[in-house]
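Note that the sequence shown covers residues 8 to 72 in the numbering used here.
Since the structure comes first, as structure tokens, the remarks are kept for the end.
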Amino acid sequence: MFRFISILLIGLGGYWVLQNRFRVVNMILGNRMIRRFFVSSFMSLPFVRNQMMKTVFSSPDQAVQ
């Protein structure tokens, strides 16, 4: 019985987060420390960093695809 209630509550929580996902993301990223952690973690990935640098520092005549 406890397992069924746990699964039901996890499902309802997941549904609520899915319905309010943009509000949840804005709330999480509104915190400066959490936002800094996510950005530094994301930029530590080499393929992301290389693509970002390529996009930011490309010349205007080159189209980014």
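Positions of the beta carbon are idealized from the N, C-alpha and C atoms, including for glycine.
Predicted model only: the values in this text are computed from it and were never measured.
Going straight from the alpha carbon of Met60 to that of Leu19, what length do you get? If I take the Cα positions, the gap works out to 41 angstroms.
For Val55 and Phe49, the rounded distance between their alpha carbons: Distance between the alpha carbons of Phe49 and Val55: 7 angstroms.
Look at the alpha carbon of Asn27 and the alpha carbon of Ile41, and state the distance between them as a whole number of angstroms. Their backbone Cα atoms lie some 19 angstroms apart in a straight line.
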